[in-house]
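So the structure is just underneath, and the comments pick up after that.
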Amino acid sequence: MNRSKLAFLLPIRSVLFILIFIVGSGIVGKNPSDISNWWTTVATVVNLFTIILLIFVSKKNGMTYVELINYKKGETKVKQIVLMSIIISLFSVGGMYLAGFICYGIIPYLPPMMIAPVAKFLAIINFLLLPISTALAEDGLYLGCGVNVIKNKAAGIIIPAFFYALQHCFIPTLFDGKHILYRFLSFLPLTIILCWYYQKKRNPVPIMVGHALIDLMSVSWVLATSMVPGFFEMMCNMAK
């Protein structure tokens, strides 16, 4: 694949999430909404696939994954990581709250499915793998194959940010227009900021670290509800 064509990979995660949830629900004989608590496991699997794909296409283009994301050792300062981690946290929480208010008229709107329990061994595996694999997969794809490849400055931010936000509409996949809009609006402000920052600095490390930390917080809730009996029900009752 020619490097200029790497941007065509940007929709791939959205397609994979939709296919996995549709096929998975068909296999177990349930609706996609009934297996929404699979989202952490599905995300981990798609992350690992994405990383392998990025390594493969990088090699095809005569470079490494590290070169794809423009990583340069020693360029990152601690204050950059701290600042970006704060920005990611604020825009993640703020985006979800604002989108929840726009779509559901509720602040905070917290979908119970996002902290629903899974089997304990899966919760532990996802806790260990999901945060770092998400940073490597998502940022590698949307920054490395998007921002780094698209020459027009405006398009180089808008197009990757769009697909970056779009994939979250299908994690998990529910055929509910309001839910899809909620997920898209939740993440679009953040993905625009991330793509803009990366286009300006060409340094993926602050973004990846902040990204991994916010995902660690998310998957920690799933670990807690999976390991502690009654915790999920308690959290759902508190949200009412």
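Residue numbers (our numbering): 1258 to 1497. Quick reminder that beta carbons are idealized off the backbone N, C-alpha and C, glycines included.
Item                                                                                                                                                                                          : Value
As a quick exercise: from 1364, 1477, 1465 and 1265, pick the residue whose alpha carbon is nearest that of residue 1385.                                                                     : 1477
Starting from the N-terminal side, write out each stretch of the alpha helix (DSSP H) that is 4 residues or longer and does not extend beyond the stretch 1324-1412.                          : 1335-1361 and 1377-1391
Please work out which residues of its chain come closer than 8 Å, Cβ to Cβ, to residue 1297, disregarding the five sequence neighbours upstream and downstream, and give them in chain order. : 1375, 1379, 1380, 1383, 1387, 1476 and 1479
Looking only at its chain, what residues have a beta carbon closer than 6 Å to the beta carbon of residue 1263, apart from the 5 residues adjacent to it on each side?                        : 1402 and 1406
What separation, rounded to the nearest whole angstrom, lies between the Cα atoms of residue 1213 and residue 1427?                                                                           : Because the chain here runs from 1258 to 1497, residue 1213 falls outside it and cannot be looked at.
Could you give the first and the last residue of the continuous alpha helix (DSSP H) run that contains residue 1305?                                                                          : 1296-1317
Leaving out the 5 sequence neighbours to the left and right, which residues in its chain are closer than 6 Å to residue 1356 when beta-carbon positions are compared?                         : 1439, 1442 and 1443
Here's the rule: buried if 16 or more other CB atoms are within 10 angstroms of the residue's CB, otherwise exposed. What is residue 1265?                                                    : exposed
What residues in its chain sit with their C-beta under 7 Å from that of residue 1460, if we drop five residues either side in the sequence?                                                   : 1332 and 1333
If we ignore side chains and look at the alpha-carbon of each, how far apart do residue 1345 and residue 1351 end up?                                                                         : 10 Å
Which residues mark the beginning and the end of the alpha helix (DSSP H) in which residue 1428 is found?                                                                                     : Per DSSP, residue 1428 belongs to no alpha helix (DSSP H) and is neither H nor E.
Using the C-alpha atoms, what's the distance from residue 1483 back to residue 1360?                                                                                                          : 29 Å
Verify the CB distance criterion: does residue 1343 have a CB-CB separation below 8 Å to chain D?                                                                                             : Looking for chain D here will not work: only one protein chain is present.
Would you call the stretch 1303-1318 and the stretch 1454-1471 touching, i.e. three or more CB-CB distances under 8 Å?                                                                        : no
So, using beta-carbon positions, are residue 1469 and residue 1445 closer together than 8 Å?                                                                                                  : no
In the DSSP assignment, find the unbroken alpha helix (DSSP H) run with residue 1262 in it and report its ends.                                                                               : Per DSSP, residue 1262 belongs to no alpha helix (DSSP H) and is neither H nor E.
Check this for me: beta carbons of residue 1430 and residue 1304, under 8 Å apart or not?                                                                                                     : no
Tell me whether the beta-carbon of residue 1348 lies closer than 8 Å to the beta-carbon of residue 1450.                                                                                      : yes
Considering Cα atoms alone, identify which of 1287, 1306, 1260 and 1281 is closest to residue 1319.                                                                                           : 1260
According to DSSP, is residue 1459 part of a helix, a strand, or is it coil?                                                                                                                  : coil
Give the DSSP-derived three-state secondary structure of residue 1435 in the structure shown.                                                                                                 : helix
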